[in-house]
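Working notes for the structure below.
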Amino acid sequence: MSNYPDGYQGPTNKSAGVEMPLSEYEQRVLEQMERELTSDDPRLATTMKSTTPRSSVRYVIAGIGLVVGLLALVLGAAQSVPWVGVIGFIVMFAAVAYAFAQPKKAASGPQGIVSDSGEVRKPGASGSSKRSTGRPTKPSKGSGSFMQRLEERWERRSRGDGTD
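If you count the sequence shown from 1, position 83 lands on 84 in the working numbering, and the numbers rise without skipping.
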């Protein structure tokens, strides 16, 4: 008879290649922690769930760039040509930045605005409705001189029409 609850087999040797299963209680606690993490910080949860390994090709390209940049840096220093060394340093920096940068993902999330008919329009496309603030529209810069606009505002205020 086992002293462990719910069919738990007890600890096993992980280094021997044997996995240690979680008990039902531990699984429930783990699931509850995952739900709380997702509700508290969805962005962190999404980041933690993304397990996209970086391509080895990315590291090979970065390694080649690093070697080329280092060569240019050394040659620039040896030949007393500072601009070659600076270019080499820039190439090295760009290679390391490329290696550690996140690969671009396909667009996700909202892709447009869904109309009542079910048609999806891109934001800012023609025919998109802009929210009205209830205020009269401002005259454009070219619609009269500065003094004319000041006079119009003064007249509106004196009549009590506007809150400008």
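Virtual Cβ for every residue (Gly too), placed ideally from N, Cα, C.
The region 54-106 is shown to contain whole alpha helix (DSSP H) runs of 4 or more residues at 57-79 and 83-101, in chain order. For S159, the enclosing alpha helix (DSSP H) covers residues F147 to R160. Across the structure, K123 and V115 are spaced so that their CA atoms are roughly 9 Å apart. Setting aside the 5 residues that flank it on each side, A78 is surrounded in the same chain by G86, each with a C-beta closer than 6 Å to its C-beta; the list follows chain order. DSSP places E27 inside the alpha helix (DSSP H), whose first and last residues are E25 to D41. Per the Cβ contact rule, the region 96-105 is in contact with the region 58-73 (3 or more Cβ pairs under 8 Å). Between L71 and M93, the C-beta gap is smaller than 8 Å, which places the two residues in contact. In the DSSP secondary-structure assignment, R122 is bridged to I114. Within the model, the alpha-carbon separation for S57 versus S81 is close to 36 Å.
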